[in-house]
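Numbering (the working numbering), first residue to last: 4 to 124.
Using N, Cα and C, we set each Cβ at its ideal position, and we do this for glycine too.
All values derive from a computational prediction rather than experimental measurement.
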């Protein structure tokens, strides 16, 4: 369980506190999604398949590649990914990652599952 109090100015979480959740990219462990202020959240994402192209209308995402190699498609442009590469994905940018990767994802504001959009729906 995440440790925080509503009056506290800090939040702490541990991997065991973050359940694995399916996502368009594979599987994610999400932290700080229940913070009442919804400033940002933190996701450790295992991209184990070609993810589905999607976009967000309100959210900006920052990806940081921890492990693996692959590529990312951003509005139709392709960029190689390897450990240490960082990407900022702004609202409206169609994106998907391809390959077997482990990334750190920081959605700003905090992740909102209703702000995940697909052109093929």
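Kindly indicate which three-state DSSP category residue 117 falls into: helix, strand or coil? helix
Helix, strand or coil for residue 18 per DSSP? helix
Does the beta-carbon of residue 61 have 16 or more other beta-carbons within 10 angstroms, so that it is buried, or is it exposed? exposed
Tell me the DSSP bridge mates of residue 25? 30
So, for residue 116: in the same chain, excluding its five sequence neighbours on each side, which residues have a beta-carbon less than 8 angstroms away from its beta-carbon? none
Boundaries of the beta strand (DSSP E) in which residue 88 is found, first to last residue: Run containing residue 88: none; DSSP gives neither H nor E here.
I'd like the span of the beta strand (DSSP E) that includes residue 102, first residue to last. 98-111
Residue interval of the beta strand (DSSP E) (run including residue 75): 63-77
Inspect the beta-carbon positions of residue 104 and residue 70 and report whether they are closer than 9 angstroms. yes
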